[in-house]
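Take a look at the structure below.
In full-length UniProt numbering, the protein residues as written are 1 to 355.
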């Protein structure tokens with residue numbers, strides 16, 4: 001198993017259930033990259049892909065807005081031209097509706113799968129039954145979302161539309177500028193994504209999985225199996241699963257596979273824990289910024305920076321949103337105690353690649 005993020009670890013969990021032995025290979029160990037720093041929302045109601053009708057106009061407006069999440073690293077953007085064209089094409093209505101159905105099927109099944117996995121590894125206390133909250137500071141943005149809400153209703157997604165009073169009953173510490181909200185009540189919240197991965201990794205090791213902290217550089221056929229070259233020497237295996245996220249393409253290219261995955265770097269800031277400031281992952285729709293309660297404090301996540309692997313992060317992008325996080329939840333006090341950046345794998349149609 002190349003990759004010890006949540007995808008690689010959970011895949012290894014199920015393969016071991018089927019009687020296979022497993023070696024976990026990752027340069028940074030469990031949750032060393034993207035699975036560590038996300039917003040923690042297991043959002044079973046988020047069925048909309050990133051690319052939807054009108055995405056060109058929306059993307060141009062975001063690129064011109066310093067507080068919007070979309071950022072493009074212009075130095076590497078020419079190499080992503082094909083991916084960007086695929087992304088725009090997937091935003092056509094004839095593509096979007098089947099994608100929504102696929103995401104809905106995946107999300108519906110995922111809720112029970114997460115709870116089952118948490119029970120199996122003794123980590124259910126890390127999963128909160130809190131729901132996921134989308135709040136709006138502008139009526140126009142809320143009204144534009146009715147098309148999406150209609151598609152969610154058609155597919156049986158459970159959500160409530162809240163007015164200002166209902167919103168404050170649910171989140172008493174929310175800022176005064178928010179009058180409308182959508183509450184996805186069936187969604188779950190991970191209180192420490194990195195710790196959940198570490199618990200899963202420890203469970204796999206206790207069941208007999210081996211691990212190697214190493215960077216995999218190449219895969220080649222050898223006899224009836226494969227040789228994986230790493231910076232700690234070669235490894236031999238009968239079968240290989242590549243779950244390396246944005247790093248997968250380089251490993252698969254020698255087999256004639258070019259998967260449409262690029263890195264989209266996200267960021268977070270951590271704030272000191274303040275009692276009862278935020279009860280659940282809360283997304284500010286106009287900023288596409290999420291504030292979530294974590295075991296170690298309050299996490300604010302945002303930014304989708306299309307860049308290249310190995311490029312230095314631009315932490316100023318997330319620090320620029322610090323005042324916005326305090327508008328969303330004025331109870332956030334103190335300076336951020338840590339910052340983080342990680343490369344999320346991004347596909348043109350927002351669907352996972354399973355082959």
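Glycine included, each C-beta is placed from N, C-alpha and C at the ideal position.
| field | Same chain only: Cβ atoms within 7 Å of residue 138, ignoring 5 sequence neighbours per side | value | 286
| Okay, do the segment 265-275 and the segment 298-311 touch, 3+ Cβ pairs below 8 Å being the bar? | yes
| Taking 7 Å as the cut-off, does the CB of residue 336 come closer than this to any heavy atom belonging to the ligand GTP? | Ligands displayed in this structure: none; no statement on the ligand GTP is therefore possible.
| task | Label residue 219 either buried or exposed according to how many other C-beta atoms from any shown protein chain fall within 10 Å of its C-beta, with 16 as the threshold for buried. | result | buried
| task | Go ahead and pull the three-state DSSP assignment for residue 152. | result | helix
| request: Taking only the alpha-carbon atoms, compute the straight-line gap between residue 340 and residue 197 and give it to the nearest angstrom. | output: 17 Å
| Collapsed DSSP secondary structure at residue 304 in the structure displayed | strand
| task | State the CB to CB distance for the pair residue 199 and residue 127, rounded to an integer number of angstroms; the pair is presumed to be in contact (CB under 8 Å). | result | Not confirmed; about 11 Å, so no contact.
| task | Kindly indicate which three-state DSSP category residue 284 falls into: helix, strand or coil? | result | strand
| query | Do the segment 239-252 and the segment 213-229 touch if we need at least three Cβ pairs shorter than 8 Å? | reply | yes
| CB-CB under 7 Å to residue 259, same chain, minus the five flanking residues each way: which ones, in chain order? | 248, 249, 252 and 353
| query | Between the segment 270-285 and the segment 235-244, are three or more C-beta pairs nearer than 8 Å? | reply | no
| Counterpart residues of residue 190 in DSSP-defined beta bridges | 127
| residue 379 burial status per 10 Å Cβ neighbour count (16 or more: buried) | There is no way to answer for residue 379, as the model of the chain reaches only from 1 to 355.
| query | Considering only the beta carbon of each residue, do residue 155 and residue 104 sit closer than 8 Å? | reply | yes
| said: Between the segment 205-212 and the segment 22-29, can you find at least three pairs of beta-carbon atoms closer than 8 Å? | reply: yes
| residue 339 - containing alpha helix (DSSP H), residue span | No alpha helix (DSSP H) contains residue 339, which is instead part of the beta strand (DSSP E) from 338-346.
| Any 3 or more C-beta pairs closer than 8 Å across the segment 164-178 and the segment 322-330 | yes
| query | So, helix, strand or coil for residue 183, using DSSP? | reply | strand
| query | Considering residue 213, what are the terminal residues of the alpha helix (DSSP H) in which it resides? | reply | Unbroken run through residue 213 is the beta strand (DSSP E), 210-213; no alpha helix (DSSP H).
| query | Is residue 77 buried or exposed, if buried means 16 or more other CB atoms sit within 10 Å of its CB? | reply | exposed
| task | Go to residue 268, then tell me how far its beta strand (DSSP E) extends in each direction, as first and last residue. | result | 262-271
| Using the C-alpha atoms, what's the distance from residue 146 back to residue 171? | 23 Å
| query | In angstroms, rounded to a whole number, what distance separates the CA positions of residue 310 and residue 162? | reply | 43 Å
| message | Quick test of your reading: residue 356 and residue 152, contact by CB under 8 Å. State the CB separation rounded to the nearest angstrom. | response | Nothing in the structure corresponds to residue 356, since the chain is present only between 1 and 355.
| request: Kindly indicate the opening and closing residues of the beta strand (DSSP E) around residue 292. | output: 289-294
| request: With a 10 Å radius around its C-beta and 16 neighbouring C-beta atoms as the bar for buried, classify residue 52 as buried or exposed. | output: buried
| field | Nearest neighbour of residue 124, chosen from 183, 188 and 102 [CA to CA] | value | 188
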